[in-house]
Amino acid sequence: MRLNEIKKGGLFRVKNLDCCNDCVSRLMSMGLLPEQEIRLVHEAPLGDPIAVEFNDCQISVRLEDAAHVEVEPI
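Letter 64 of the sequence shown, counting from 1, is numbered 64 in the UniProt record's numbering, and no numbers are missing.
Pasting the structure below:
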């Protein structure tokens, strides 16, 4: 399952990240690494971007970039 496919209210664990994507590389430098817990906290009215929370901070991510993060439900 990819980060752009998750629904609000669930808790997920990062399995894999595509570090070739610039945005994902920036997220990794902020602490989004494999085994990190993450959850969707907000979706824009048209669905893009989404706001996710990890390490007690909320970050806005475009769906195009979120597709490069593989997650699993906890």
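Just so you know, even glycine gets a beta-carbon here, dropped at the ideal spot from N, CA and C. The structure presented is a predicted model; accordingly, all values stated were derived computationally and were not measured.
- If you compare alpha carbons, which of 28, 11, 49 is closest to residue 20? Residue numbering aside, residue 20 sits at position 20 when the sequence shown is read from its first letter. Nearest option by C-alpha distance: 28.
- Span of the alpha helix (DSSP H), counted from its first residue to its last, around residue 26: Residue 26 sits at position 26 when you count from the first residue of the sequence shown. Counting along the chain, the alpha helix (DSSP H) containing residue 26 begins and ends at 22-29.
- Query: Do you know whose CA, among 70, 64, 36, 44, lies nearest residue 56's CA?
  - Reply: As a working mapping, residue 56 is identified with position 56 in the sequence shown. Closest option to residue 56, Cα to Cα, is 36.
- Note down the Cα distance separating residue 31 from residue 68, rounded to an integer number of angstroms. Position 31 of the sequence shown, counted from the first residue, corresponds to residue 31. Position 68 of the sequence shown, counted from the first residue, corresponds to residue 68. Near 16 Å, if we compare the C-alpha coordinates of residue 68 and residue 31.
- Proximity to residue 24 [Cα-Cα], best of 48, 46, 66: One-based indexing of the sequence shown puts residue 24 at position 24. Comparing Cα-Cα distances from residue 24 to each of 48, 46, 66, the minimum goes to 66.
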